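The numbers in our numbering rise by one with no breaks, and the one at position 234 of the sequence shown is 234. Virtual Cβ for every residue (Gly too), placed ideally from N, Cα, C. In this text, all values refer to a predicted model and were calculated from it rather than measured experimentally.
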Amino acid sequence: MAVEPGDPARYTLRAGDDRLPLGPLLGEPLRLAWSGAIACTNCGRATRKSFGQGHCYPCFKRLARCDTCIMKPELCHYFQGTCREPEWGESHCFQPHIVYLANASGLKVGITRATQVPTRWLDQGAIQALPILEVDSRQQSGFVEMLFKEEVSDRTNWRAMLKGETPELDLPGERDRLLERLAPGLAELRERFGADAIRELDASPRSFTYPVLEYPTKVASHNFDKRAEVAGRLMGIKGQYLMLDSGVINLRKFTGYEVAVSHGES
């Protein structure tokens with residue numbers, strides 16, 4: 001799903017070359033039927049299983065975007081001369097990254113390219129977010145995130161996020177607390193990478209709302225690999241989840257799956 005900021009966020013379902021705005025479908029029946037086919041989003045070849053959110057196995061093993069260091073940037077091995085795609089790494093990893101605090105199911109720390117703000121927060125279903133630091137590269141953001149993970153989680157509890165019961169937090173207060181507590185570790189990183197490599201941001205918190213008619217009281221998830229058809233009345237969209245009265249489904253998990261979409265009363 002593509003998402004744009006708004007009040008509430010505006011979602012569009014992408015299926016091949018087709019685009020379907022989802023906001024107008026709230027309250028309507030929605031049916032998703034997987035044909036059984038999966039195509040690699042990089043090379044287009046058919047694959048029996050999706051790896052790394054939409055790749056065939058050869059691409060999964062070859063592409064830098066599927067390497068371990070994408071999930072753990074501190075493990076970047078570009079300077080060892082072993083990056084899978086050095087040019088891709090230079091264009092994606094060696095650019096400004098933001099270290100942020102967000103609230104989707106509680107306080108968490110995260111990192112994203114500066115160009116992905118605020119899309120990254122909407123993808124996570126955050127109701128609040130606050131950029132706190134800017135760094136020069138993805139690897140540096142990974143080291144900063146590791147430091148913050150000593151005090152705060154880097155995970156979202158997706159079930160809690162989908163229940164819509166998360167209370168708002170004082171993110172500026174949490175920022176100030178963490179920056180003070182982690183000041184020695186940040187000083188060591190600045191000594192390693194340069195005084196200007198890790199910059200504090202004077203940003204205001206952002207708040208987000210989502211198109212939801214009714215949150216589930218019990219979260220049950222759909223899975224195309226177990227059942228090829230998902231149907232129900234669309235009750236909301238949050239993060240990368242469709243919330244149906246029959247259960248929820250994380251569409252990003254099934255990137256590359258060939259799915260037919262129909263909506264409205266039959």
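- Close CB contacts of Leu-201 within its chain, under the 7 angstroms cut and outside five residues either way in sequence, are with Pro-131, Ile-132, Leu-133 and Glu-134 (chain order).
- Where Ile-70 is concerned, the enclosing alpha helix (DSSP H) starts and stops at 68–71.
- For Val-144, the secondary structure class from DSSP, reduced to helix, strand or coil, is helix.
- Annotation for Gly-247: the continuous beta strand (DSSP E) segment containing it runs 247–250.
- Taking C-beta separations shorter than 8 angstroms and ignoring five residues to either side along the sequence, the partners of Glu-28 in its chain run Arg-233, Leu-234, His-263, Gly-264 and Glu-265, following chain order.
- In this chain, the beta strand (DSSP E) harbouring Met-235 covers 229–238.
- Between Ala-260 and Gly-36 a beta carbon distance of about 11 angstroms is seen, past the 8 angstroms cut, so the two are scored as non-contacting.
- A Cβ-Cβ separation of about 28 angstroms leaves Gly-256 out of contact with Ile-98 under the 8 angstroms criterion.
- The alpha-carbon separation between Leu-147 and Leu-213 amounts to approximately 39 angstroms.
- DSSP, reduced to helix, strand and coil, places Lys-163 within a helical segment of the structure shown.
- Listed in chain order, the alpha helix (DSSP H) elements of length 4 or more contained wholly in the stretch 94–124 are 119–123.
- Under the three-state reduction of DSSP output, Arg-192 falls in the helix class.
- Counting along the chain, Leu-13 sits inside the beta strand (DSSP E) bounded by residues 10–15.
- Separation of the CB atoms of Gly-52 and Cys-66 is rounded to 4 angstroms, and the pair is thereby assigned contact status at 8 angstroms.
- Bounds of the beta strand (DSSP E) holding Glu-4 are 2–4.
- Within the DSSP bridge table, the entry for Asp-18 names Ala-15 as partners.
- The secondary-structure analysis by DSSP pairs Ser-50 with nothing; it has no beta-bridge partner.
- The Cβ neighbour count for Gln-140, taken over all protein chains shown within 10 Å, is at least 16; the residue is labelled buried.
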